């Protein structure tokens, strides 16, 4: 039985100081949910976001930080010779918040 | 020739149509052409009011078998080739750690009893273990054994119009070594076959195949056909055999299930709030777990949710990382499998508890074996039945404990070795069945015990 993931998961994130708070995921596929932290445009961390609704990135070195949520979208288990998924991938499901240190 | 739905059904010359052809018509048209298991049901035994407190069971069967060392029996002190890629996390029970990718399960560990010393010795195919864990026996084509749900259906009968035993979303199919998975009623007879959902409850156009009249067929016409059947029955009752009479009862049950609003509602996930559906995860497994709760709530005794129906070319627990059709890796576990299980299992336990159903519902998480203690050259783990971990929650299970252990490299049971029949004996016991007093008709109608093992006493 093929697995079908329908609909578009969505979640809202907001900033409280440096702490990021997320709401529930609407139309949640139930796969891995992760924060995506970018510093000056580069991804620096992807910690898990499933267990808690709040997250605070511990790096305080100067720069512009952007945080959002991603959810794994399963679209087949195919991988290349290096083991990287060729169809399934993380997709953005939230707005992005930012702060500068 | 008559037409029922889109089917042409032969009739007897000179008699319009007879009972047999009518039944064929019913089998093809009346119930949506996918009711053979129900139409073949036989009398399953009267509901015994004295058993009203008997508990229910939901089994989540993890097809492909998770690696015990990567999930619920981690070995953080072992060499890298054994401990694997994941880290343990603490749970709400001091001293019990599980994989970092089960953070929600970690919060309900006080309700879970892990059995870390399961093992069997009859071969490392998936089917060996499936037979053990679905029936309490290994067997071959000449001595098939009944699925636990069939045993429970035979023991208790139906509580409502819903079938006593249901498999969601579908039976296990090809897992590599033949068709004997232990998911049939075997010698108990077709009257005790598990009902098969046969469709994906996560789809927006989900319909229970067995409950939907075929295209162009209204429920009014279905009712008309039942009336006609009753007239035929009254005319032919004197010449019916006992077997046919049983079949008629099964047919009535099919009608009941097809036409009962309560039955239909039990399968209707749209009755649930979106927020709750999200808690379970909008995927096949998550929505099947939610449906399992609804079915138990509405009278089904035993629900078996299969997490996947094959091990080939899909993301599943069978983590060989072979670069081909068995190419599941740590990436599948991390991104897809563990989160999907974590969300559905924890939602199920919490939902049952919030509704006051957890005390009367045993939840078991079973698989057919473990995976090799040593990570293979491609970064996967292969089939390994010498030791693995499964677990229980709910009912009268004493949660927050670990029963048995494996050795320090996860190669063999170290303490309290447990065999599959003991798991089934424990499920029966948890459901209120006294194994010393309850017998079922075995092959040749010889009374036999449900399973030749004793329950794991520490669980209760």
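Chains as they are written, first to last, in our numbering: chain A, 1 to 101; chain B, 1 to 460.
We put the beta carbon where it would ideally sit given N, CA and C, even for glycine.
Only a predicted model underlies this, so the values are computations on that prediction, with no experimental measurement involved.
Endpoints, beta strand (DSSP E) assigned at residue i
i: residue 361 (chain B); result: 361 to 366
i: residue 19 (chain A); result: 19 to 22
i: residue 421 (chain B); result: Where residue 421 (chain B) is concerned, there is no enclosing beta strand (DSSP E), although the alpha helix (DSSP H) it sits in stretches over 420 to 430.
i: residue 165 (chain B); result: 165 to 168
i: residue 54 (chain A); result: 54 to 56
i: residue 388 (chain B); result: 388 to 394
i: residue 33 (chain A); result: 33 to 39
i: residue 3 (chain A); result: It is not in any beta strand (DSSP E) - residue 3 (chain A) carries neither H nor E in the DSSP assignment.
i: residue 65 (chain A); result: 64 to 73
i: residue 206 (chain B); result: Here residue 206 (chain B) belongs to no beta strand (DSSP E), and DSSP marks it neither H nor E.
i: residue 311 (chain B); result: Note, residue 311 (chain B): premise wrong, no beta strand (DSSP E); not H, not E.
i: residue 98 (chain B); result: 97 to 99
Host alpha helix (DSSP H) of residue i (start-end)
i: residue 340 (chain B); result: 338 to 354
i: residue 298 (chain B); result: First-last for residue 298 (chain B): undefined, no H or E at that position.
i: residue 281 (chain B); result: Run containing residue 281 (chain B): none; DSSP gives neither H nor E here.
i: residue 80 (chain B); result: 80 to 83
i: residue 126 (chain B); result: 126 to 135
i: residue 374 (chain B); result: No alpha helix (DSSP H) holds residue 374 (chain B); DSSP gives it neither H nor E.
i: residue 261 (chain B); result: 261 to 266
i: residue 153 (chain B); result: 148 to 156
8 Å Cβ cutoff, residue i in contact with chain B
i: residue 6 (chain A); result: yes
i: residue 27 (chain A); result: yes
i: residue 31 (chain A); result: yes
i: residue 11 (chain A); result: no
i: residue 77 (chain A); result: yes
i: residue 72 (chain A); result: yes
i: residue 3 (chain A); result: yes
i: residue 20 (chain A); result: no
i: residue 56 (chain A); result: no
Proximal residues of chain B, C-beta to C-beta of residue i below 7 Å
i: residue 47 (chain A); result: Simply none; closest approach about 11 Å.
i: residue 85 (chain A); result: 331
Buried or exposed (CB count within 10 angstroms, at least 16 for buried), residue i
i: residue 444 (chain B); result: exposed
i: residue 2 (chain A); result: exposed
i: residue 389 (chain B); result: buried
i: residue 274 (chain B); result: exposed
i: residue 433 (chain B); result: buried
i: residue 131 (chain B); result: buried
i: residue 69 (chain B); result: buried
i: residue 11 (chain A); result: buried
i: residue 463 (chain B); result: Since the displayed chain B opens at 1 and closes at 460, residue 463 (chain B) lies outside it and no answer follows.
i: residue 84 (chain A); result: exposed
i: residue 393 (chain B); result: buried
i: residue 70 (chain A); result: buried
i: residue 53 (chain A); result: exposed
i: residue 91 (chain B); result: buried
i: residue 15 (chain A); result: exposed
i: residue 193 (chain B); result: buried
i: residue 413 (chain B); result: buried
i: residue 43 (chain A); result: exposed
i: residue 96 (chain A); result: exposed
Residue-level contact to chain A via CB, residue i, 8 Å cutoff
i: residue 242 (chain B); result: Confidence is the limiting factor: at residue 242 (chain B) the pLDDT is only 45, short of 50, which leaves the residue's position unreliable, though a coordinate-based value still follows. Chain A contact via Cβ: absent.
i: residue 170 (chain B); result: yes
i: residue 36 (chain B); result: At residue 36 (chain B), the pLDDT of 34 sits below 50, so the modelled position is not reliable; the number obtained from the coordinates is stated separately. Not an interface residue.
i: residue 376 (chain B); result: no
i: residue 381 (chain B); result: no
i: residue 203 (chain B); result: yes
i: residue 31 (chain B); result: Unreliable positioning characterises residue 31 (chain B) in this predicted model, as indicated by a pLDDT of 31, which lies under 50. The coordinate reading is nonetheless provided below. So, not an interface residue.
i: residue 324 (chain B); result: no
i: residue 475 (chain B); result: Outside the displayed range of chain B (1 to 460) lies residue 475 (chain B), so it cannot be described from this structure.
i: residue 318 (chain B); result: no
i: residue 402 (chain B); result: no
i: residue 314 (chain B); result: yes
i: residue 334 (chain B); result: yes
Per-residue contacts from residue i into chain B (C-beta, under 8 Å)
i: residue 24 (chain A); result: 275 and 278
i: residue 50 (chain A); result: 103, 104, 339, 342 and 343
i: residue 42 (chain A); result: Neighbours of residue 42 (chain A) on chain B: none; closest Cβ ~22 Å, over 8 Å.
Amino acids of chain A, ordered along the chain, whose beta-carbon sits closer than 9 Å to that of residue i
i: residue 327 (chain B); result: 77, 78, 79 and 83
Minimum Cβ-Cβ distance from residue i to chain D less than 8 Å
i: residue 426 (chain B); result: In summary, chain D is missing from the structure at hand, where the protein chains are A and B.
Neighbour list for residue i in chain A, Cβ cutoff strictly below 8 Å
i: residue 351 (chain B); result: Correct list: empty, because the minimum Cβ distance to chain A is about 14 Å.
i: residue 307 (chain B); result: Ordered by position in chain A, no residue passes the 8 Å Cβ test against residue 307 (chain B), which lies about 11 Å from the chain.
Proximity test, residue i beta-carbon vs the ligand FAD heavy atom, cut-off 7 Å
i: residue 402 (chain B); result: As far as ligands go, the structure on display features none, and thus does not contain the ligand FAD.
Within chain A, the residues that residue i reaches when beta carbons sit closer than 7 Å
i: residue 200 (chain B); result: 1 and 4
### Message
For the stretch 88 to 110 of chain B, list every residue whose C-beta sits within 7 Å of some C-beta in chain A, in sequence order.
### Response
103 and 104
### Where the stretch 118 to 136 of chain B meets chain A: residues whose CB sits under 9 Å from a CB there
none
### Residues of the stretch 282 to 300 of chain B whose Cβ lies closer than 9 Å to any Cβ of chain A, in chain order
282, 283, 284, 285 and 286
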